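Asks:
Residue numbers (my numbering): 820 to 1126.
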């Protein structure tokens, strides 16, 4: 990118550090909105010896690592070789700082930024983890101020950092849609429902303000019922990806590694759907029905399990 002399570039980064992947959008140039998809894995505390086998060929997001003092941290796809499994139950904040630093380093690589630049970062956090924002802010700011090396390039970042509850962006999109037809969202009651792998969350907005009385994130997560339904139908871990494809595609006939052939997953699909649907309906009856019967409510449904 072309930079004005004497003016440090500014990176704007919006991040959702999901348990299955890190979803990122960034802007360096005017009118730019570039996506980056990174694996969720992080392997820290590694020796610098591991770098002898690292290649910088290919996309930066597929081979990202940090050098912090004497330790090496692999992030995303590069970390898979050092981990047995990435747990879907791991808290996002535990390794969020490494993921965010790697994201900035990748952007600096792609956009050929100098070693010093500014960054404005927005991070979406689950409500249940929102209390950890102060820890993430402190550690991330300290790291950026001290400087870190990503993919062999040292960089220092003048950081502005802000956390938002997951789902807030959906509320803003809804606000824009209503504004186009002359409606004001502050005059409406809105609930954003996010059906995720780890949990189900509800964000309740009244008069443009988040109402904590109707807001929580302790709803049933899809993954728990996926595993429960799979086990009840005799599906083993190696065939989980095939069962997931059967659920997402609507075609129960999928290639199962354990059988080395096509298997009918109809029974397992039905078990997972029944268990998850029952749990969701019970949760919504207890947490959303009263709000909907008191006054009219716009409900925005989203999330990987919403299908």
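We put the CB at the ideal spot given by N, CA and C, even for glycine. None of these values were measured; they are calculated from a predicted model.
Any idea if residue 1045 is buried or exposed, counting beta-carbon neighbours within 10 angstroms, 16 or more meaning buried?
Replies: Under this definition residue 1045 is a buried residue.
Asks: List in chain order: all unbroken beta strand (DSSP E) runs of 3+ residues lying wholly within the segment 836-872.
Replies: 840-846, 853-858, 861-865, all fully within the segment 836-872.
Asks: Tell whether a beta-carbon distance below 8 Å holds between residue 919 and residue 959.
Replies: yes
Asks: Give me whichever residues DSSP pairs with residue 1007 in a beta bridge.
Replies: Per DSSP, none; premise fails for residue 1007.
Asks: Is the CB-CB distance between residue 1020 and residue 933 below 8 Å?
Replies: no
Asks: Between the alpha carbons of residue 1012 and residue 1118, how many angstroms are there, rounded?
Replies: 7 Å
Asks: What does a CB cutoff of less than 6 Å around residue 1000 pick up in its chain, not counting 5 residues either side in sequence?
Replies: none
Asks: Under the assumption that residue 862 contacts residue 893 (Cβ atoms under 8 Å), give the Cβ distance between them as a whole number of angstroms.
Replies: 4 Å
Asks: Would a C-beta distance cut-off of 8 Å place residue 1088 and residue 1071 closer than the cut-off?
Replies: yes
Asks: By the three-class DSSP mapping on this structure, what secondary structure does residue 946 have?
Replies: helix
Asks: Under the DSSP definition of a beta bridge, which residues are partnered with residue 936?
Replies: 976
Asks: Using DSSP with H/G/I as helix, E/B as strand and the rest coil, what is residue 1037?
Replies: strand
Asks: If you compare alpha carbons, which of 847, 879, 1120 is closest to residue 858?
Replies: 879
Asks: If you compare alpha carbons, which of 850, 1051, 1079 is closest to residue 1057?
Replies: 1079
Asks: Could you give the distance in angstroms between the alpha-carbon of residue 921 and the alpha-carbon of residue 969?
Replies: 6 Å
Asks: Taking DSSP as the reference, what is the three-state secondary structure of residue 1118?
Replies: strand
Asks: Could you compute how far the alpha carbon of residue 877 sits from the alpha carbon of residue 844?
Replies: 20 Å
Asks: So residue 769 and residue 962 are supposed to be a Cβ contact under 8 Å. How far apart are they, rounded?
Replies: Because residue 769 is not part of the residues shown, which for the chain are 820 to 1126, the question remains open.
Asks: For residue 1048, count the other beta carbons within 10 Å of its own beta carbon; 16 or more makes it buried, fewer makes it exposed. Which is it?
Replies: Answer is buried; the Cβ neighbour count reaches 16.
Asks: Suppose the cutoff is 7 Å on Cβ atoms and the five residues either side in sequence are ignored; what does the same chain contact list for residue 1026 look like?
Replies: Closer than 7 Å at Cβ, skipping near neighbours: 1005.
Asks: Starting from residue 891 and walking both ways along the alpha helix (DSSP H), at which residues does that stretch end?
Replies: Residue 891 -> not in any alpha helix (DSSP H); beta strand (DSSP E) instead, spanning 890-894.
Asks: Indicate whether residue 956 and residue 987 have their beta-carbon atoms separated by less than 8 Å.
Replies: no
Asks: Could you give the distance in angstroms between the alpha-carbon of residue 1052 and the alpha-carbon of residue 1069?
Replies: Between residue 1052 and residue 1069, the C-alpha separation is close to 17 Å.
Asks: Would DSSP call residue 913 helix, strand or coil?
Replies: helix
Asks: Could you tell me if residue 1017 is buried or exposed, where buried requires 16 or more neighbouring beta carbons within 10 angstroms of its beta carbon?
Replies: buried
Asks: Going by other Cβ atoms of all chains shown within 10 Å of its Cβ, with 16 needed for buried, is residue 900 buried or exposed?
Replies: Residue burial annotation: residue 900 is exposed, with fewer than 16 other C-beta atoms found within 10 angstroms of its C-beta.
Asks: Just grab the DSSP bridge partners of residue 877 for me.
Replies: Answer is none; residue 877 lacks a bridge partner.
Asks: Can you give the beta carbon distance from residue 1062 to residue 1084, rounded, assuming they're within the 8 Å contact cut?
Replies: 5 Å
Asks: Based on the DSSP secondary-structure assignment, which residues constitute the bridge partners of residue 1024?
Replies: 1009, 1029
Asks: Taking the straight line between their C-alpha atoms, what separation do you get for residue 1122 and residue 1102?
Replies: 16 Å
Asks: Helix, strand or coil: how does DSSP classify residue 1110 here?
Replies: helix
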